[in-house]
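A quick write-up on the structure given underneath.
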Amino acid sequence: MIVRMWEARAESYGFADLITWVCETALPDFEHDPLHLSSEVFSSTDHRVVVISKWRSNPRDLPEPPMRLVARPPHSWDFTQVDR
1 MIVRMWEARA
11 ESYGFADLIT
21 WVCETALPDF
31 EHDPLHLSSE
41 VFSSTDHRVV
51 VISKWRSNPR
61 DLPEPPMRLV
71 ARPPHSWDFT
81 QVDR
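Per the UniProt record's numbering, the very first residue in the sequence shown carries number 1; after that it's consecutive.
What follows is the structure in structure tokens.
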């Protein structure tokens, strides 16, 4: 399994709109992908939105959000579980 963490910092005026865009536009595209297992969306008090998505393999990128909503381009990282 691969876990992809996607993070974007919203403009303060665009915070609610960025969350709406993630939940209603970006993530629904993944729901029918057979490699996608699940996704969760988190927000912070400093206007960051984080998406944690789990994939069997080959995680897909979220589309680019409307630039008017973000303070800087989003970043993403892939992780694999550590056996301990």
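Glycine included, every Cβ here is placed at the ideal spot set by N, Cα and C.
Asked	Found
Taking all protein chains shown into account, decide if Leu62 is buried (16 or more other Cβ within 10 angstroms of its Cβ) or exposed.	buried
Smallest Cα separation from Val49: which of Trp6, Ile2 and Met1?	Trp6
Compare the Cα-Cα distances from Met67 to each of Lys54, Phe79 and Tyr13 and report the closest residue.	Tyr13
Which same chain residues, not among the five before or five after Val22, have their C-beta less than 7 Å away from its C-beta?	Val41, Val49 and Val51
Does DSSP put residue 86 in a helix, a strand or coil?	Only positions 1 to 84 of the chain appear in this structure, which leaves residue 86 out of reach.
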